[in-house]
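Using full-length UniProt numbering, read the sequence shown as starting at 1 and increasing by one per residue. Using N, Cα and C, we set each Cβ at its ideal position, and we do this for glycine too. Here is the structure we will look at, set down as structure tokens.
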Amino acid sequence: MNATSLWEATSNYRNIKKSLYGEVETDAVIIGGGFTGLSTAYHLLKKGVKAVVLEQYEVGWGASGRNAGMILPGYHHSMTTIANQYGVSAAKELFKFSLESINLVESIIKDHRILCDFNRNGHFLAAYKPKHMDALRREQEFLQKYCNYKTAIIEKKDMPFVLDSSLYHGGLLDPQSFSFHPLNYALGLAKAVEELDGTIYENSQVIDIHYSSKYTIVRTTSGAIKAKHLVIATNGYTEGLIKKLSRSVLPIASYMIATEPLPPRLAKKLIPNNRMIFDTKNFLNYFRLTPDYRLIFGGKDSIRGVENNQTFEDVHTELLKLFPELEGFSAEYKWGGLLGVTSDFFPHVGQLENGTHFAVGCSGHGAAITTLLGKVIAQNITQEDRVKSKLEKLPLKEIPFHGQRALIINVVELYYKLLDKLA
């Protein structure tokens with residue numbers, strides 16, 4: 001297997017950007033060159049606010065350029081779970097917010113003609129256990145009744161019309177979501193930032209942040225940026241930047257493979273109508289077809305983040321459990337990366353006591369919402385008069401025992417995997 005991502009291997013032209021050297025002054029400095037950071041810069045520049053992005057490697061290097069390319073509504077929790085915890089009104093508002101994020105991504109892609117295979121495939125949430133179907137039926141009813149959002153329950157007998165695998169027991173079909181090439185979207189968003197006279201420095205890792213009463217100075221090994229506003233947009237790669245944020249985000253590793261191109265007839269038999277799929281396990285599997293009929297398959301999520309040849313062999317084994325017909329088809333690409341999880345599994349956006357703006361913790365549902373979170377940060381910086389969303393009002397809490405997480409990780413991981421195995 002090629003030890004690079006399929007997205008990197010098939011990306012559009014990458015305009016290599018220089019590293020930061022010397023001292024620069026700007027209105028806002030943004031740490032992180034993924035969807036959130038680039039979107040923040042984009043929306044600030046549209047309002048006439050000067051912005052500089054610092055990326056420790058290359059644009060889209062983190063989860064933004066390595067995810068499965070699924071633009072979905074909702075969050076880690078089901079909307080019925082959210083309604084039970086926060087009330088129906090809050091759940092409706094949060095769902096609407098997630099739909100706005102999809103619309104924003106679509107509008108940016110269209111406005112800037114970003115070539116990223118943006119396509120309305122729809123997605124299917126597959127029931128890993130028979131009892132999961134009850135929860136999916138409640139979800140379908142809630143979305144229809146309270147959000148005027150149409151989905152459909154697929155019973156097990158009708159599964160071949162959506163997914164030709166005996167592993168699942170039915171599921172919830174949403175025909176309204178999108179797929180895309182995530183790295184090409186990141187590269188297109190970066191180009192839009194530069195067209196608005198924004199500056200992006202690559203290979204510029206932050207080593208120190210110094211606060212004063214009026215300015216923040218962010219230093220790299222070869223330069224420094226003086227800015228009125230600081231934005232942290234590093235999500236699963238936040239460790240070590242700011243203690244409060246580091247202790248509030250748990251990095252979770254996820255791994256993916258991409259097969260060689262499959263015969264179109266076989267690909268269409270396995271996943272009719274080209275739906276994006278993920279399942280109801282705690283450590284879930286997720287997969288989809290690409291335009292050239294490769295199957296991308298992700299799984300083996302791990303809190304420990306151990307990445308080696310065996311890791312990807314295990315992912316491939318899981319794929320063959322799902323689709324035995326793919327025995328003999330090679331996995332040509334393999335890659336992994338970190339996503340950020342918060343204590344409540346919600347994304348959080350806001351401002352710390354020291355004035356730092358941030359967005360973290362999309363918990364595996366960040367492909368769309370990160371772009372909207374960047375816009376929210378820009379609105380906060382420009383102090384736009386607006387009603388803040390329920391998402392912005394959720395308190396960011398430190399994860400219990402975060403400092404000793406190495407001691408509890410095995411227990412937590414084994415617990416959730418045991419739940420997946422139990423009937």
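6 Å CB neighbourhood of residue i in its chain, flanking five on each side removed
| i | result |
| --- | --- |
| R120 | F178 |
| F95 | M79 and C147 |
| Y149 | L143 |
| V315 | Y255, I257, G299 and K300 |
| S204 | S19, L20, L54 and T220 |
Paired residues, beta bridge with residue i - DSSP
| i | result |
| --- | --- |
| D208 | R219 |
| I377 | Per DSSP, none; premise fails for I377. |
| K334 | I257 |
| V53 | I30 and I200 |
| D134 | None, per the DSSP bridge assignment. |
| L250 | V341 |
| F124 | L173 and I277 |
| H365 | According to DSSP, which records beta bridges pairwise, H365 is partnered with nothing at all. |
| A224 | E23 and R219 |
| M79 | Looking at the DSSP assignment, M79 forms no beta bridge with any residue, so it has no partner. |
| H357 | V231 and Q351 |
| I71 | F178 |
is_contact[residue i, chain C] using C-beta, thresh 8 Å
| i | result |
| --- | --- |
| Y75 | This model lacks chain C altogether; it includes just one protein chain. |
Backbone secondary structure at residue i - three-state DSSP
| i | result |
| --- | --- |
| H229 | strand |
| D314 | helix |
| Y237 | helix |
| residue 424 | No information on residue 424 is available, as it lies outside the stretch 1 to 423 that the chain covers here. |
| R288 | strand |
| N273 | helix |
| N15 | coil |
| S98 | helix |
| E25 | strand |
| E155 | strand |
| F297 | strand |
| S213 | coil |
| S179 | strand |
| I399 | coil |
| N119 | strand |
| I109 | helix |
| K191 | helix |
Alpha carbon of residue i to alpha carbon of residue j, nearest angstrom
| i | j | result |
| --- | --- | --- |
| M159 | I377 | 42 Å |
| G340 | A368 | 15 Å |
| G188 | I200 | 13 Å |
| N103 | T371 | 10 Å |
| K143 | L289 | For the record, residue 143 in the displayed sequence is Leu; it is not Lys. One C-alpha to the other measures close to 27 Å. |
| R66 | W335 | 8 Å |
| Y255 | G364 | 12 Å |
| Y168 | M276 | 15 Å |
| I153 | S389 | 30 Å |
| Q379 | L44 | 8 Å |
| G299 | K321 | 12 Å |
| E100 | I381 | 20 Å |
| V253 | F346 | Sequence check: residue 253 is Ala here, not Val. The alpha-carbon atoms of A253 and F346 are separated by roughly 17 Å. |
| V24 | I82 | 44 Å |
| D174 | L72 | 9 Å |
| A190 | A51 | 12 Å |
| P400 | G366 | 23 Å |
| S5 | Y128 | 27 Å |
| K350 | G62 | Correcting the residue identity first, residue 350 is Gly in this sequence and not Lys. About 21 Å. |
| G236 | L396 | 15 Å |
| Y57 | L262 | 33 Å |
Cβ neighbour criterion (16 or more within 10 Å) applied to residue i
| i | result |
| --- | --- |
| D197 | exposed |
| F124 | buried |
| A91 | buried |
| L38 | buried |
| H210 | exposed |
| G48 | exposed |
| P291 | exposed |
| R386 | exposed |
| Q383 | exposed |
| residue 492 | Residue numbering for the chain in the displayed model covers 1 to 423; residue 492 lies beyond these limits and cannot be assessed. |
| N273 | exposed |
| F278 | buried |
| S89 | exposed |
| K41 | Per the sequence shown, residue 41 should be read as Ala rather than Lys. By the neighbour-count rule (16 or more Cβ atoms within 10 Å), A41 is buried. |
| G337 | buried |
| residue 428 | With the chain represented from 1 up to 423, any question about residue 428 goes unanswered, as that position is not in the structure. |
| P324 | exposed |
| P130 | exposed |
Close beta carbons around residue i, own chain, < 7 Å, minus the five adjacent residues each side
| i | result |
| --- | --- |
| L245 | I232, T238, F358 and V360 |
| N12 | L115, N184 and L187 |
| Y215 | K226, A227 and K228 |
| E327 | L320 |
Own chain residues within Cβ distance below 8 Å of residue i, not counting five before or after
| i | result |
| --- | --- |
| H132 | H169 and T280 |
| L394 | D344, F346 and H348 |
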